[in-house]
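For what it's worth, this note's numbering labels the leading residue of the sequence shown as 34, then goes sequentially. C-beta atoms are modelled at their ideal positions from N, C-alpha and C, and glycine is treated no differently.
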Amino acid sequence: MAVLVDGRKLSSTILEEVASKATELREKSSVVPTLAAVLVGEDGASVSYVRQKEKACERAGLRSVTVRLPESVTEGELLARIDGLNRDRSVHGIIVQLPLPRGMDVERVVSAVAPDKDVDGFHPLNLGLVMRGTPGLMPCTPAAVCVILDSLGIPLAGLRAVIVGRSLIVGRPLSCLLLQRDLTVTVCHTRTRDLADEVSRADVVVAAAGRAGLVRGEWIKPGAVVIDVGTNPTPSGLIGDVEFAAAAERAGYITPVPGGVGPLTVAMLLKNVVSASTSCGMPRCP
Ligand code: NAP
34 MAVLVDGRKL SSTILEEVAS KATELREKSS VVPTLAAVLV GEDGASVSYV RQKEKACERA
94 GLRSVTVRLP ESVTEGELLA RIDGLNRDRS VHGIIVQLPL PRGMDVERVV SAVAPDKDVD
154 GFHPLNLGLV MRGTPGLMPC TPAAVCVILD SLGIPLAGLR AVIVGRSLIV GRPLSCLLLQ
214 RDLTVTVCHT RTRDLADEVS RADVVVAAAG RAGLVRGEWI KPGAVVIDVG TNPTPSGLIG
274 DVEFAAAAER AGYITPVPGG VGPLTVAMLL KNVVSASTSC GMPRCP
C-alpha cells in the first residue's frame, strides 16, 4: 500500500517560510508583498480559485487585490488593466485567472503581464528560463510537483518519468524540470499510441490530463511514485486523473485529490509573490 503524500502539510511548511519573509520585508523595508488577481466573468470555479488565493495571502501576511471585470470586457480593456497593474509599484505579482471568455487571445493576454510580475510563470520569457534551467519565476504547478518529488528523499537521477499531458502550464515546463533532475522523461498526450504501456514502465507518473480516472490502477508499476495533478469536479467533489484506490494498492507513494498538488500550487504562487517583491532577482533585470 502506497505512502500518502500530504500536500497540505508540505504547503504549510512553505507558507510558514513565506509568512516569515513577508514579516521581515514589512519590518525592514515597509514592503507588503502584493498579489493582484484579474478575474474576468463569474465562472464558479474561477471565482473560488481566486478566493482561495486571496485567503492564502491573508493568512501569510501578503496583500491581495482582485480586479473583477465583466464577461463583456474587451480584450483591449483587459490589456489596459494589465498594463496599469504592470506600472503600479505597489503590486508585485499579477495573475490572470484562466479560462478567459471565448474569443480572447490567451497567449496575448498572458504575455501582457510584465515578466517580473508574472507569478504564475506563464510568460514566454519565464517559460524560456525554465527550459534553460535558469532560476526565475517558476510555473507554480510544475514547481509543486518538484517539491513533492524532492520531499520523498529518494534518488531521482535515472528514473523513468511519464507525464500525461503536454500543456504549457503543466506538462511541458514540468518535463524540463524533471530533465534537470536527471530523470528520463516521456510526455504523453491524446495522440500517444499506448498510454497503458508508457505508464506501466514509469517509476514516476504525473497525471495532468484533466480526465477523471484516466490512469488506471493496474497500469502502475509496483513501487512507482504517482502524482495526480488532475482536478475533475464531480457531484461528490473533486477527483483526480488517477484511479486512486487501485493505484494506491501498487504505488510506493501517491498524492490524493484534493489535498495533494493543489495546496502546494497555491504555496508556490505565494512564494513567487514574495520573490517578485524582494527584487526581481532575474537574469534579465538591470
Ligand atoms: P489542458 O491544457 O487541457 O491539457 C491537458 C493535456 O492532457 C493535453 O496535453 C491533452 O493532450 C492531454 N490529454 C487529455 N486527454 C488525454 C487522454 N485521454 N490521453 C492522453 N492525454 C490526454 O489541461 P491543463 O491546464 O494542463 O490541466 C490538466 C489538469 O490539471 C486539469 O484537471 C486541471 O484542472 C489540473 N490542474 C490542477 C492544478 C492544481 O493546482 N492542482 C493546476 C493546474 C492544472 P493534447 O495536447 O493531445 O490535447
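Please tell me whether residue i and residue j are closer than 8 Å, where the distance is taken between their beta carbons.
i             : j              : result
leucine 68    : isoleucine 128 : yes
valine 220    : isoleucine 196 : yes
alanine 255   : arginine 283   : For the record, residue 255 in the displayed sequence is proline; it is not alanine. Taking 8 Å as the Cβ cut-off, proline 255 and arginine 283 qualify as a contacting pair.
serine 44     : alanine 300    : yes
proline 206   : proline 168    : no
valine 178    : valine 259     : no
histidine 125 : serine 310     : yes
glutamate 276 : valine 232     : no
arginine 41   : glycine 292    : yes
proline 148   : leucine 133    : no
leucine 102   : valine 146     : no
glycine 250   : alanine 280    : yes
serine 97     : alanine 70     : yes
Is residue i near ligand 1, with its Cβ less than 7 Å from a heavy atom?
i              : result
arginine 249   : no
arginine 101   : no
alanine 241    : yes
leucine 228    : yes
isoleucine 202 : yes
glycine 198    : yes
threonine 404  : Absent from the structure is residue 404, since the part of the chain shown begins at 34 and ends at 319.
arginine 41    : no
cysteine 221   : yes
glycine 263    : yes
arginine 224   : yes
arginine 92    : no
glycine 246    : no
valine 65      : no
valine 294     : yes
threonine 174  : yes
Can you tell which of the options has its C-alpha closest to the C-alpha of residue i?
i              : options                           : result
alanine 241    : Lys150, Thr288, Asp215 and Leu212 : Thr288
alanine 52     : Leu95, Lys61 and Cys209           : Leu95
glutamate 194  : Thr223, Asp230, Pro148 and Val163 : Looking at the sequence provided, one finds alanine at residue 194 rather than glutamate. Of Thr223, Asp230, Pro148 and Val163, the residue nearest in Cα terms is Asp230.
leucine 210    : Glu49, Pro175, Asp227 and Pro188  : Pro175
alanine 257    : Val238, Pro268 and Ala93          : Val238
asparagine 305 : Glu91, Lys150 and Gly243          : Lys150
valine 203     : Val307, Lys86 and Gly154          : Gly154
glutamate 49   : Arg92, Ser63 and Glu60            : Arg92
leucine 302    : Lys86, Glu60 and Leu192           : Lys86
threonine 99   : Thr56, Leu118, Val290 and Gly243  : Leu118
alanine 55     : Asp227, Ser79 and Cys90           : Cys90
serine 62      : Ser123, Ala245 and Val38          : Ser123
Run the CB neighbour count on residue i, radius 10 Å, all protein chains shown included, and call it buried at 16 or more, exposed below.
i             : result
glutamate 75  : exposed
aspartate 261 : buried
histidine 222 : exposed
glycine 314   : Only weak support exists for where glycine 314 lies, its pLDDT of 43 falling under 50; the value from the coordinates is given anyway. With fewer than 16 Cβ atoms within 10 Å of its Cβ, glycine 314 is classed as exposed.
valine 36     : exposed
glutamine 130 : buried
valine 218    : buried
proline 268   : exposed
proline 316   : In this predicted model, proline 316 has a pLDDT of only 41, less than 50, meaning its place in the structure is not dependable enough to derive any value.
cysteine 318  : Only weak support exists for where cysteine 318 lies, its pLDDT of 40 falling under 50; the value from the coordinates is given anyway. Cysteine 318 is exposed by the Cβ-count criterion.
Please decide whether residue i counts as near chain D, where near means a Cβ-Cβ distance under 8 Å.
i             : result
histidine 125 : Considering every chain present, this structure includes no chain D. It has just one protein chain.
At 3 residues or longer, and completely inside the segment 191–244: list those beta strand (DSSP E) runs for me, N to C.
-> Secondary structure remark: continuous beta strand (DSSP E) runs of at least 3 residues inside the segment 191–244, in chain order: 193–197, 217–221 and 237–240.
Tell me the start and end of each unbroken alpha helix (DSSP H) in the segment 88–122 that is at least 4 residues and wholly inside, in chain order.
-> For the segment 88–122, the continuous alpha helix (DSSP H) assignments of 4+ residues that do not extend past its boundaries occur at 108–120, in sequence order.
Counting only runs that start and end within the segment 256–298, where is the alpha helix (DSSP H) found for 4 or more residues in a row?
-> Runs found: 277–283.
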